[in-house]
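Line by line, the protein sequences give chains A and B. In short: position in the first sequence from 1, add 102, done, that's my numbering. In short: position in the second sequence from 1, add 3, done, that's my numbering. Note that the Cβ used here is the ideal one computed from N, Cα and C, for glycine as well. If you're wondering where the values come from, they're calculated on a predicted model, not measured in any experiment. Only one structure is covered here, and it is reproduced in the block below.
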Amino acid sequence: MSGWDKFVETFFNAKVMVKYLPDILSGVVVTIELALLIVVTGLGAGLAFALLRSLAIRPLNWLIIFVVDLFRSLPPLVIIVLMYFGLPYAGPAPSGFVSTWLSLAFVLMAFSEEIFWAGITSIPKGQWEASRSTGLTFGQTLFNVVLPQAFRLTIPPLTNRTIAITKGTALGTVVAVTEILGQASSAMSNSYNPSPLMMGAAAYVVLFLPVVVAARWVETKFAWKR
Amino acid sequence: MTSHIVDARAIHKHFGTLHVLKGVDLKVDERELVFVIGPSGSGKSTLLRCLNRLEEPSSGSIMVDGIDMLDPRTNINHARRRIGMVFQSFNLYPHMTALGNVMLALRKVAGKSRGEAESLAHAALKRVGLADRADHTPGQLSGGQQQRVAIARSIALEPRVMLFDEPTSALDPELVGSVLEVMRDLRESGMTMIVVSHEMGFARNAADRVVFMDDGLIVEQGPPGAIFENPAHERTRAFIGQIQRH
Ligand SMILES: Nc1ncnc2c1ncn2[C@@H]1O[C@H](COP(=O)(O)OP(=O)(O)OP(=O)(O)O)[C@@H](O)[C@H]1O
Ligand SMILES: [Mg+2]
């Protein structure tokens with residue numbers, strides 16, 4: 103057997119791949135569920151906090167900044183472990199799935215709040231003044247004038263963060279979540295063969311590449327000439 | 004009772020320890036064009052911005068078109084509809100077309116239907132000579148055109164008073180004329196205007212009254228001829244001499 107054949111036999115073993123395909127696919131479903139939940143709740147909460155912050159209520163803003171900085175500095179794995187193994191001592195005992203979801207949603211919330219906030223504050227004061235001088239309220243100005251401009255600036259950093267954090271769903275293996283990587287690594291130890299891991303990697307590419315491409319498209323669509 | 008459309012009294016404004024307006028009285032008649040001059044930092048912009056409460060005066064009273072602007076019960080957003088404002092830096096919304104810029108407040112503040120807002124916005128753009136630029140975004144327009152769109156955005160709401168804060172200062176010299184022409188038309192149509200500007204030629208031709216401010220106070224005011232040729236105060240004379248040397 104040539105080296106190449108040995109490589110293929112080891113990393114792309116057809117028999118192993120067929121056998122564990124159903125497991126990997128069920129992992130894909132779990133990862134998609136987790137990722138969607140994290141993205142929707144994380145970005146939603148991040149935007150909500152950025153909007154709250156724009157109201158400029160001092161004590162509230164200090165609280166937001168504290169929470170955001172805390173979740174930006176903690177490693178996601180630590181948050182997951184604390185929630186799964188630690189929280190039960192205080193009462194609620196979230197499942198591995200819920201722990202992973204909420205932990206990563208908090209992290210995405212923290213990073214996206216900061217990105218949304220940077221977008222909002224980068225809009226020149228003159229935009230607010232022009233809008234308010236024609237009688238639009240604070241909220242109308244925020245939603246019609248400021249946010250549409252801010253969103254355009256936030257799309258690139260937001261996509262990068264969102265992808266990085268949703269890939270963290272792989273950390274769910276630690277708390278027994280059967281997402282892609284969890285399925286792939288148990289299949290790998292059962293079959294003594296790394297082929298399932300290659301399938302897992304392929305699944306990640308299939309899942310995340312379209313998101314990256316879509317983000318690029320949105321970016322060009324939202325661009326306007328200054 | 005007052006017959007003045009703008010009646011501001013004893014306006015004081017502090018920024019922290021900085022006393023920027025030190026008791027300014029300004030009354031403006033309907034259809035009057037008041038031209039405000041004064042050295043940099045004398046408080047001209049701050050005064051204009053107090054009139055529509057973009058800046059909160061520290062004390063004083065402001066009546067515009069019979070509305071007490073400083074009364075907490077006044078709906079400031081309704082009141083601002085009657086007061087147009089044009090800025091040195093245009094401040095058009097870059098993510099909207101010229102038409103969209105003009106339509107926004109017509110829809111959101113005046114509550115017009117889409118169709119109605121669109122035809123009013125078209126009419127306003129036509130008045131500033133930009134009917135054919137309705138679909139352009141600000142980035143596709145020259146500075147002079149952008150400022151005319153900004154004027155259209157204000158006049159579409161049919162304000163009772165228009166405030167101009169150095170509307171031509173950011174423009175290349177060859178574009179200044181087109182904006183001044185629109186302002187002159189507006190004045191001829193009977194709009195009440197308060198204009199902060201360095202365009203002395205425009206003041207001579209179009210202003211009813213010139214107000215000279217220095218150090219947070221109105222030093223003197225009168226017809227353009229009197230202020231420019233024969234100022235009563237030394238500070239006014241010095242300022243006008245300085246401007247005319249340029
Ligand atoms: N938001 C602010 N915070 C602190 N100081 C301010 C603020 N706005 C204006 N000032 C100060 O108030 C003074 C008057 O400013 P203002 O802009 O009204 O002057 P101006 O007469 O319009 O001058 P210019 O001809 O340069 O536009 C200046 O000293 C300025 O630095
Ligand atoms: Mg000024």
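At least one heavy atom of ligand 2 sits closer than 7 Å to the Cβ of S48 of chain B. For chain A, the residues of the region 93–111 of chain B that bring a beta carbon within less than 7 Å of one of its beta carbons are N94, Y96, P97, H98, L107, A108 and K111, in chain order. Within the chosen limit of 7 Å, ligand 1 does not reach the beta carbon of V198 of chain B with any heavy atom. Excluding the 5 residues flanking it on each side, E58 of chain B has same chain C-beta neighbours closer than 7 Å at K16, T49 and R52, in chain order.
Beta-bridge partners of G274 of chain A (DSSP): none assigned.
In this model, T280 of chain A and V314 of chain A are separated by some 25 Å (Cα to Cα). Annotation for D168 of chain B: the continuous beta strand (DSSP E) segment containing it runs V164 to D168.
Within chain B, N80 have C-beta atoms less than 8 Å from the C-beta of T239 of chain A, given in sequence order.
For D135 of chain B, there is no enclosing alpha helix (DSSP H), as DSSP marks it with neither H nor E. Between M165 of chain B and L189 of chain B, the C-beta gap is smaller than 8 Å, which places the two residues in contact. Three or more Cβ pairs closer than 8 Å define a contact, and the region 119–128 of chain B falls short of that threshold against the region 170–183 of chain B. Around T202 of chain A, the same chain offers L136, I182, T271, L273, G274, V277 and V279 as residues with beta carbons nearer than 7 Å, after the five sequence neighbours per side are excluded. Distance from the Cα of A159 of chain B is smallest, within the candidate group B:S45, B:G114 and B:E184, for B:G114. The shortest CA-to-CA distance from A220 of chain A to any of A:Y186, A:L189 and A:T256 is the one to A:T256.
Judged by beta-carbon spacing, P259 of chain A lies beyond the 8 Å limit of I225 of chain A, meaning their Cβ atoms are not closer than that value. The residues Q285 and A289, in chain order, have a CB closer than 7 Å to that of D125 of chain A in the same chain once the five nearest residues on each side in sequence are set aside. Going by beta carbons, V89 of chain B and A153 of chain B fall inside the 8 Å limit. With a threshold of 7 Å, the Cβ atom of D218 of chain B does not count as near ligand 2, since no heavy atom of the ligand is closer than that.
Residues are counted here when their Cβ sits less than 8 Å from a Cβ of chain B; for the region 220–236 of chain A these are P226, G228, Q229, E231, A232, S233, R234, S235 and T236, given in chain order. When the beta-carbon positions are compared, A173 of chain B and S45 of chain B stay at least 8 Å from each other. Closest in C-alpha terms to A266 of chain A, from the list A:T112, A:V120, A:I140 and A:V118, comes A:I140. The Cβ atoms of I86 of chain B and L54 of chain B lie closer than 8 Å to each other. Under a criterion of Cβ atoms nearer than 7 Å, the residues of chain B adjacent to N246 of chain A are, in order, L107 and K111. Between the beta-carbon of V31 of chain B and that of T195 of chain B there is about 6 Å, and that keeps the pair under the 8 Å contact cut. Of the candidates B:F18, B:V198, B:L29 and B:T20, B:L29 places its Cα closest to the Cα of H7 of chain B.
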